[in-house]
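J.:
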Amino acid sequence: MTAQSSFGRNIAEHLGRSRRDFLRGAAGVALGSTLLSASPFVRGAAAAKKRKVIVITFGGGARDQETFAPEGQENIPHLIHELAPQASFFTQVMNQGILGHYVATASLATGVYETLNNFSAIPPEHPTVFEYFRKDLNRPPSDAWVVAPSNGFNRIGESDYRSFGPGLGARVVLPKHLLAAAMSGGATDYAHLLRDNYETPLYTPQLAGSEFELQQLEMILRLSVDDFKAHALTLSSPDELSMYIARRLMQQEAPSLLWITMHDIDVAHAGAYSLYIDGIRRTDRLCAELWKAAQSEPEYAGNTTLFILPDFGRDADEDSGGNGFQHHRTGDAASRTTWMMALGAGVRQGVVYDQPMQSIDLVPTVGAMMGFSAALSRGRPVKELV
Amino acid sequence: MLPRDLKAEQFASYPPQARALALAHLDALQQLPLSFLPSLLREVIDYDYKFPAERVAIDRELANLSSLSPAQMTDWFHAFAQFSLSPKLESFDWINRPAQFVEQLSAYLWTTHQLDGFRQAATVYGDRLRAAKPPEVIPVRRLGIAVIGQGVTAYDAPLFRNLRPHGAYFAHVKPENGLQLLLSAVAARAKAHPVPYGHWYVDGGQQADHSPSLTCVSYHALEPTRAALLRKIQAEIQRPGMGPEELSTHLARLVPADLGMDESGDAVLNRFQIKLLTEGSGTQIFSTTFAQWAAREALRRAQSLTLLVRFAPRQRQKPMNELLSSSQGNVEFDLTGSLVDADMGAYYNWLNQQRLPGAENSAFLVWFEGHSQALVIGPSVPRGTESTTVADLGELLALATT
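Read top to bottom, the protein sequences are chains A and B.
The opening residue of the first sequence carries number 7 in my numbering; numbering runs sequentially from there.
The opening residue of the second sequence carries number 20 in my numbering; numbering runs sequentially from there.
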């Protein structure tokens with residue numbers, strides 16, 4: 007057994023304990039509280055300039071019991087055995103906002119609990135992390151990208167906040183729209199990649215691709231329609247398509263701030279537990295593949311910090327107001343409490359932090375890491391990471 | 020409009036029994052806060068189509084409210100009165116569209132960060148009501164049965180993992196005539212304890228021969244209704260301005276006749292089945308989801324004394340547009356995935372059964388159809404155990420219910 011896999015097992019054991027017990031008796035794993043005196047971010051301006059951050063939302067919505075709790079760890083072998091040993095792991099990430107995927111993801115991106123209509127394609131009310139990043143650091147549009155499912159997320163790149171807003175946000179790529187544009191009518195062989203809008207399974211909006219998407223494909227991703235279609239045929243889900251596009255973006259544009267919203271897991275709304283588990287296992291694999299890809303890209307290797315976190319959990323089995331894993335409607339503790347993993351540049355490896363943080367703390371934390379101020383965020387930088 | 024302004028004539032469009040009930044308790048209704056009353060009216064307005072157990076619960080709740088003095092009323096509803104509601108909600112037609120009001124109230128509470136407080140107030144109210152009006156003793160130990168894994172020839176992963184801590188696992192069950200044994204036992208209970216809508220058989224596929232004394236719902240029998248619903252959904256989605264919330268509101272208004280159901284049939288059961296399809300998520304497309312949700316609702320609403328649920332294979336996952344197209348040609352089934360769904364569904368059936376009165380004495384059995392694995396839960400069954408006993412399903416049922 008290698009040192010790494012032994013350590014992975016150790017981490018798994020610790021994560022398997024209840025949240026309350028994560029730090030208690032954590033022999034073999036560094037205790038988060040003992041490490042607070044020395045920040046890992048002792049670095050110069052040059053380091054900050056080159057730093058890259060990738061955020062993956064492990065979505066949409068996964069419970070502890072199917073992920074990091076003991077009975078769930080079999081579903082996330084890559085996170086447990088490959089990524090956790092390299093990561094700082096936060097066991098209590100609270101989401102106190104509205105538990106809809108678009109509004110919750112918008113809240114993650116602004117650091118404010120947004121109250122926009124979850125089912126409307128409208129921009130967040132408060133400045134996004136992309137706007138802070140680009141405005142404060144004077145970065146070009148190509149340096150911040152969002153890869154997102156199509157339902158509503160096309161507006162997540164920038165807010166309509168007056169002193170930020172239009173022109174300062176991230177570019178957004180919607181892989182399913184790209185594919186719809188590339189197919190131009192011949193959809194049959196690709197339909198499995200176009201599943202959409204699980205949150206309301208009976209409402210399936212029409213996907214439309216346009217000249218804009220085709221331009222993204224050819225001018226930014228440097229992909230011919232034929233090559234894109236040929237590769238898409240080898241993929242099995244919308245999130246696989248998203249990851250393919252994200253990797254292509256990393257190769258062609260190398261954005262410093264890349265945000266990837268996963269969504270396959272949200273098939274849970276259709277009530278089939280096996281499909282929900284399949285989604286978690288696929289997302290687990292895709293996260294590890296992306297991290298591996300980042301290590302092999304010269305622009306990203308050694309200077310990238312990766313955050314992985316669900317946007318929120320799902321309802322507890324025991325809450326009579328819900329129907330367990332199927333939805334996230336009760337607002338109970340299971341649906342509001344989740345986890346976050348941070349790994350890569352400047353992050354301590356193999357540390358478990360049990361103290362609560364909020365999901366809106368992500369933006370100011372990324373700001374502190376990259377050197378911009380998330381002035382209007384209502385979260386606080388996670389001190390263990392900055 | 021606020022509850023204190025309620026007048027008798029405003030219930031004119033309610034069905035006859037619902038209207039009579041509302042008028043009989045009008046004084047009490049007028050004293051309730053707006054954050055609470057529409058939730059109660061949502062139940063009252065459907066009174067004519069409710070199961071007996073639901074009617075009893077509504078009657079008892081209204082009787083309790085009418086018995087409260089003004090001071091007690093203030094005490095009981097103080098927490099609900101504290102929630103701020105929008106003018107839009109106050110002007111909503113919550114008397115005639117209480118379900119839609121509750122949907123909008125829920126969204127408003129989320130947006131204004133009042134949801135957690137509302138949940139707390141609702142929990143306290145529910146506990147208090149139960150204490151004031153304890154449920155009646157049920158005539159027979161409640162029994163739940165789940166039959167899972169139809170069509171699966173072999174499965175190596177452990178089954179019943181969530182249920183094992185609560186009962187005894189049997190690995191040497193004699194599977195011969197298993198379903199018939201179970202259906203016969205369920206029919207015998209229905210005959211011995213004839214309670215309207217008290218004994219149910221839910222099938223996620225095509226129903227097997229069964230006693231007419233059982234209330235039966237099956238995915239297969241509802242195929243024409245599901246197809247009609249999916250056609251309506253497809254048509255609605257194409258309409259300009261249609262979104263998920265509008266679609267949900269539209270579906271909530273559908274009645275059996277809208278989907279071609281026989282109006283001469285059992286009106287209460289027909290309404291129940293329509294709600295399974297219009298309010299359930301995924302029940303229209305996945306048989307495993309349908310079976311689990313039907314079981315949940317039969318327990319929650321009818322408070323079934325006996326419930327046998329047989330899960331059947333569901334279709335493979337496809338893009339939602341294809342699933343909604345309702346074409347039945349070349350349906351591919353996901354047998355193993357369906358077993359995993361049903362294993363979790365059985366656990367949820369048990370959890371839902373345990374939420375009903377008499378939970379401490381209830382019994383439960385889950386069986387891997389056609390195979391030798393089963394699990395039994397009952398008051399005299401040791402928890403978290405494994406048995407090497409060879410037994411048929413009749414014997415296991417006897418063990419569960421003894």
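All C-beta atoms in this analysis are idealised placements derived from N, C-alpha and C, irrespective of residue type, glycine included.
Report buried or exposed for residue 91/B, applying the criterion of at least 16 other Cβ atoms within 10 angstroms of its Cβ.
T.: Residue 91/B should be labelled exposed.
J.: Using a Cβ-Cβ distance under 8 Å, would residue 104/A count as near chain B?
T.: So yes, residue 104/A belongs to the interface.
J.: Quick check: the Cα distance between residue 89/B and residue 20/B, rounded to an integer number of angstroms?
T.: Their backbone Cα atoms lie some 21 Å apart in a straight line.
J.: Check the Cβ-Cβ distances between residue 139/B and every residue of chain A, and say whether any is below 8 Å.
T.: No, no contact with chain A.
J.: Report all residues from its chain with a CB closer than 7 Å to the CB of residue 277/A; omit the five preceding and five following residues, and keep chain order.
T.: Answer for residue 277/A: 332, listed in chain order.
J.: Where DSSP assigns a beta bridge to residue 220/B, which residues make up the other side?
T.: Residue 220/B is bridged to 235/B and 327/B.
J.: Taking only beta-carbon positions, decide if residue 359/B is within less than 8 Å of chain A.
T.: Interface residue, yes.
J.: Let me know the secondary structure DSSP gives residue 230/B once reduced to three states.
T.: Coil.
J.: Are residue 116/A and residue 383/A touching if we call contact CB-CB under 8 Å?
T.: Yes; because the gap between Cβ atoms is below 8 Å, this pair is in contact.
J.: Near residue 92/A, which residues of its chain fall below 6 Å by C-beta distance, leaving aside the five closest residues on each side in sequence?
T.: Excluding residues within five positions, the ones whose Cβ falls inside 6 Å are 349 and 355.
J.: Do you know whose CA, among 72/B, 288/B and 273/B, lies nearest residue 233/B's CA?
T.: Looking at the Cα atoms, 288/B is the closest of the given residues.
J.: Let me know the beta strand (DSSP E) ranges lying completely inside the segment 250 to 300 of chain B, each 3 residues or longer, listed in chain order.
T.: Runs of the beta strand (DSSP E) inside the segment 250 to 300 of chain B: none found.
J.: In chain B, which residues lie with their C-beta within 9 Å of the C-beta of residue 275/A?
T.: Under the 9 Å cutoff, chain B gives 300 and 301.
J.: For the putative contact between residue 380/A and residue 119/A, defined by C-beta atoms under 8 Å, what is the C-beta separation to the nearest angstrom?
T.: So it is not a contact: roughly 14 Å between Cβ atoms.
J.: Starting from the C-beta of residue 33/B, find all residues in its chain whose C-beta is less than 7 Å away, skip the five residues before and the five after it, and write them out in chain order.
T.: Contacts found: 41 and 64.
J.: Which residue or residues does DSSP assign as beta-bridge partners of residue 164/B?
T.: Per DSSP, 327/B and 384/B.
J.: Under 9 Å Cβ-Cβ, which residues of chain A neighbour residue 383/B?
T.: Result: empty, since nearest Cβ-Cβ is about 15 Å, beyond 9 Å.
J.: Against chain A, does residue 238/B count as a neighbour if the rule is that its beta carbon must be under 8 Å from one of theirs?
T.: Closer than 8 Å: no.
J.: Should residue 125/A be flagged as near chain B, meaning a C-beta pair shorter than 8 Å?
T.: Yes, residue 125/A lies at the interface with chain B (some Cβ there is under 8 Å from its Cβ).
J.: Does the contact criterion of 3 or more C-beta pairs under 8 Å hold for the segment 157 to 172 of chain B versus the segment 130 to 143 of chain B?
T.: In short, these stretches do not touch, since the Cβ pair count stays below three.
J.: Could you list which residues in chain A have their beta carbon closer than 7 Å to that of residue 397/B, in chain order?
T.: Residues of chain A passing the Cβ test: none, with the nearest at roughly 21 Å.
J.: I'd like to know if residue 330/A contacts chain B, where contact means its C-beta is closer than 8 Å to some C-beta of that chain.
T.: Answer yes: the Cβ-Cβ gap between residue 330/A and chain B drops below 8 Å somewhere.
J.: Using a Cβ-Cβ cutoff of 9 Å, what residues of the segment 363 to 382 of chain B are near chain A? List them in chain order.
T.: Residues 363, 364, 366, 367, 370, 371 and 374.
J.: Taking 7 Å as the line, does the beta carbon of residue 210/B fall inside it for any heavy atom of the ligand HEM?
T.: In the structure shown, the ligand HEM is absent, as is every other ligand, since no ligand is present at all.
J.: Could you spell out where the alpha helix (DSSP H) holding residue 136/A opens and where it closes?
T.: Run containing residue 136/A: 135 to 143, per the alpha helix (DSSP H) assignment.
J.: Check this for me: beta carbons of residue 53/B and residue 109/B, under 8 Å apart or not?
T.: Their beta carbons are under 8 Å apart, which means residue 53/B touches residue 109/B by this criterion.
J.: Between residue 117/B and chain A, is any beta-carbon pair separated by less than 8 Å?
T.: Answer no: the Cβ-Cβ gap between residue 117/B and chain A never drops below 8 Å.
J.: Evaluate residue 236/A with the Cβ neighbour count: other Cβ atoms within 10 Å of its Cβ, from every protein chain shown; 16 or more gives buried, anything less gives exposed.
T.: Under this definition residue 236/A is an exposed residue.
J.: Of all Cβ atoms in chain A, is any one closer than 8 Å to the Cβ of residue 134/B?
T.: Chain A, which has a Cβ nearer than 8 Å to the Cβ of residue 134/B, makes this yes.
J.: According to DSSP, is residue 43/A part of a helix, a strand, or is it coil?
T.: Unreliable placement is indicated for residue 43/A, whose pLDDT of 40 sits below 50; the coordinate value is still reported in the next sentence. In the structure shown, residue 43/A sits in coil (DSSP, three-state: anything other than H, G, I, E or B).
J.: Starting from residue 58/A, trace the beta strand (DSSP E) both ways and give me its first and last residue.
T.: Residue 58/A -> beta strand (DSSP E) spans 58 to 63.
J.: If residue 114/A sits next to residue 368/A, beta carbons under 8 Å apart, how far is it from one beta carbon to the other, in whole angstroms?
T.: Yes, residue 114/A and residue 368/A are in contact; Cβ-Cβ is about 6 Å, under 8 Å.
J.: Would a C-beta distance cut-off of 8 Å place residue 2/A and residue 261/A closer than the cut-off?
T.: No statement about residue 2/A is possible, as the shown extent of chain A runs from 7 to 392 and does not include it.
J.: Taking buried to mean at least 16 other C-beta atoms within 10 Å of its own C-beta, is residue 301/A buried or exposed?
T.: Burial call: exposed.
J.: Compute the distance between the beta-carbons of residue 182/B and residue 43/B, then report whether it is under 8 Å.
T.: No, Cβ-Cβ distance for residue 182/B and residue 43/B is not below 8 Å.
J.: Report the neighbours of residue 264/B on chain A: residues whose CB is nearer than 7 Å to its CB, in chain order.
T.: Going along chain A in sequence order, the residues near residue 264/B (Cβ under 7 Å) are 125.
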